[in-house]
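Just so you know, we're using my numbering here: the sequence shown kicks off at 1 and counts up by one. Just below is one structure, and these are the notes that go with it.
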Amino acid sequence: MTLVDSHTHLYDMKKGYELPADILPVVAGYSHSSNRKAVELRAQKGYPIILGIAPQTAIKKGIEMLDEWVDFIRQNKPNGIGEVGLDYKWAQTKEDVEHERAVFERMVSLAREMDLPLVIHSRNNPNPDGGEVPKDAVDDILPRVKGLRVLMHFYSGSEEQAGKIVADGGYISVTHMRSKERRKVINIVPLDRLVVESDCPYVGKSPESIREAVAYIAEVKGLDVGKVGQATAENAARFFNFRL
Ligand SMILES: [Zn+2]
Numbered sequence: 001m002t003l004v005d006s007h008t009h010l011y012d013m014k015k016g017y018e019l020p021a022d023i024l025p026v027v028a029g030y031s032h033s034s035n036r037k038a039v040e041l042r043a044q045k046g047y048p049i050i051l052g053i054a055p056q057t058a059i060k061k062g063i064e065m066l067d068e069w070v071d072f073i074r075q076n077k078p079n080g081i082g083e084v085g086l087d088y089k090w091a092q093t094k095e096d097v098e099h100e101r102a103v104f105e106r107m108v109s110l111a112r113e114m115d116l117p118l119v120i121h122s123r124n125n126p127n128p129d130g131g132e133v134p135k136d137a138v139d140d141i142l143p144r145v146k147g148l149r150v151l152m153h154f155y156s157g158s159e160e161q162a163g164k165i166v167a168d169g170g171y172i173s174v175t176h177m178r179s180k181e182r183r184k185v186i187n188i189v190p191l192d193r194l195v196v197e198s199d200c201p202y203v204g205k206s207p208e209s210i211r212e213a214v215a216y217i218a219e220v221k222g223l224d225v226g227k228v229g230q231a232t233a234e235n236a237a238r239f240f241n242f243r244l
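Following this line, the structure appears as structure tokens:
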């Protein structure tokens, strides 16, 4: 049985890393240079890819090159636009927030234009008084993506927000990282809307950490590990439109 790692940055793994034969990765870009690496990997290995400009890149690199970055994504026909979104943990100033929003809105319109699903990165502002940066990223994202198919990557929103996302047809992606809130989210999201990811090498060490994510879902939902592995792989194939 093949497992699908729905979100990896495989091109950033140490040289010589060998992917186990039973794991199929969806390779995600987050910047123009990582998008190029994802396209290269697809050419070599045939993996599905998603391309996008992430909020961290919007802060670091600004928006002057955005037209060129968008053209590259358009020409290379990915399986989805991602990872993209809003990150209010990284944003420190009003300008950071403006850049993140400008890039995200371009990514959303690109997804509409290309009729592709969106893979969303979202992180809330941990600062209790907020400062210049809004508090809740998911609340800012949802009205902007109405009518699009979305997958919330490394989901860290609330149970209530997860309910809304699923009601609108969205998918929730789970890593091996455990928390009380994540347990509640896994509990309320139907199995046919869950996928697993490593986000390696930044969250999981390698794509193999999805085995733990599958086990986590199986444990919370009281289901067989094999059944969860198969369902999450099929869900990813449906969402990203590839064959297992
Ligand atoms: Zn990522």
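Glycine included, every Cβ here is placed at the ideal spot set by N, Cα and C. Quick caveat, the model's predicted, so the values are computed rather than measured.
- For histidine 99, collect the residues of the same chain with a Cβ closer than 7 angstroms to its Cβ; drop the 5 residues on either side in sequence, then sort them by chain order. In its chain, beyond the 5 residues on either side, Ala58, Ile59, Gly62 and Ile63 have a beta carbon closer than 7 angstroms to the beta carbon of histidine 99.
- Message: Quick check: what's the CA-CA separation for valine 145 versus proline 201?
- Response: Roughly 28 angstroms between the two C-alpha positions.
- Around the Cβ of glycine 204, are there at least 16 other Cβ atoms within 10 angstroms (buried) or fewer (exposed)? The residue in question, glycine 204, is buried, as its Cβ has 16 or more Cβ neighbours within 10 Å.
- Straight-line Cα distance separating lysine 89 from asparagine 125: For asparagine 125 and lysine 89, the distance between alpha carbons rounds to 5 angstroms.
- Taking buried to mean at least 16 other C-beta atoms within 10 Å of its own C-beta, is aspartate 199 buried or exposed? Buried.
- CA-CA distance, isoleucine 72 and alanine 162? Strictly speaking, residue 72 in this sequence is phenylalanine, with isoleucine absent from that position. Taken atom to atom, the span from the alpha-carbon of phenylalanine 72 to that of alanine 162 is near 32 angstroms.
- Message: Quick check: does the Cβ of glutamate 83 come within less than 7 angstroms of any heavy atom belonging to ligand 1?
- Response: With a cut-off of 7 angstroms, the C-beta of glutamate 83 is classified as near ligand 1, since at least one heavy atom of the ligand falls inside that distance.
- Message: Here's a check: name, in chain order, each residue in its chain whose Cβ is nearer than 6 angstroms to the Cβ of tryptophan 69, leaving out the five neighbours to either side.
- Response: Counting only Cβ-Cβ distances below 6 angstroms, and skipping sequence neighbours, we find His32 and Ile53.
- Query: threonine 175 by DSSP, collapsed to three states: which one?
  - Reply: Coil at threonine 175, not helix or strand.
- Message: Below 8 angstroms on the Cβ atoms is my contact criterion, and I expect valine 97 with proline 134 to pass it. Report the Cβ-Cβ distance as a whole number of Å.
- Response: About 7 angstroms separates the two Cβ atoms, so the contact holds.
- Message: One question on the structure: do phenylalanine 240 and glycine 80 come within less than 8 angstroms of each other, judged by their Cβ atoms?
- Response: Cβ atoms of phenylalanine 240 and glycine 80: closer than 8 angstroms.
- Message: Contact defined as beta carbons within less than 8 angstroms: I believe isoleucine 120 pairs with methionine 152. What is the distance between those atoms, to the nearest angstrom?
- Response: Contact holds; Cβ gap of about 5 angstroms.
- What are the start and end residues of the beta strand (DSSP E) that includes alanine 28? Following the DSSP letters along the chain, one finds alanine 28 inside the beta strand (DSSP E) bounded by residues 23-28.
- Query: Within 7 angstroms: the Cβ of histidine 9 and any heavy atom of ligand 3?
  - Reply: No copy of ligand 3 appears in this structure; the ligands present are ligand 1.
- Below 8 angstroms between beta carbons: does that hold for alanine 236 and valine 4? Yes; because the gap between Cβ atoms is below 8 angstroms, this pair is in contact.
- Task: Let me know the secondary structure DSSP gives histidine 7 once reduced to three states.
- Result: Three-state result, histidine 7: strand.
- Item | First and last residue of the uninterrupted beta strand (DSSP E) at histidine 121 | First-last of the beta strand (DSSP E) with histidine 121: 118-123.
- C-alpha distance - arginine 149 paired with aspartate 115, whole-angstrom precision: The C-alpha of arginine 149 lies about 9 angstroms from the C-alpha of aspartate 115.
- Between isoleucine 23 and proline 207, is the Cβ-Cβ spacing less than 8 angstroms? Cβ atoms of isoleucine 23 and proline 207: closer than 8 angstroms.
- Task: Compute the Euclidean distance between the alpha carbons of glycine 248 and histidine 176, then round it to the nearest angstrom.
- Result: Since the displayed the chain opens at 1 and closes at 244, residue 248 lies outside it and no answer follows.
- Query: From which residue to which residue does the alpha helix (DSSP H) around glycine 229 run?
  - Reply: 225-240 is the extent of the alpha helix (DSSP H) around glycine 229.
- Query: Just to confirm, are alanine 213 and threonine 2 a CB contact at a threshold of 8 angstroms?
  - Reply: No, these two residues do not count as a Cβ contact at 8 angstroms.
- Item | glutamate 181 to leucine 194 span [Cα, whole Å] | Cα to Cα, glutamate 181 sits roughly 15 angstroms from leucine 194.
- Hey, tyrosine 155 and serine 179: beta-carbon distance below 8 angstroms or not? Cβ atoms of tyrosine 155 and serine 179: not closer than 8 angstroms.
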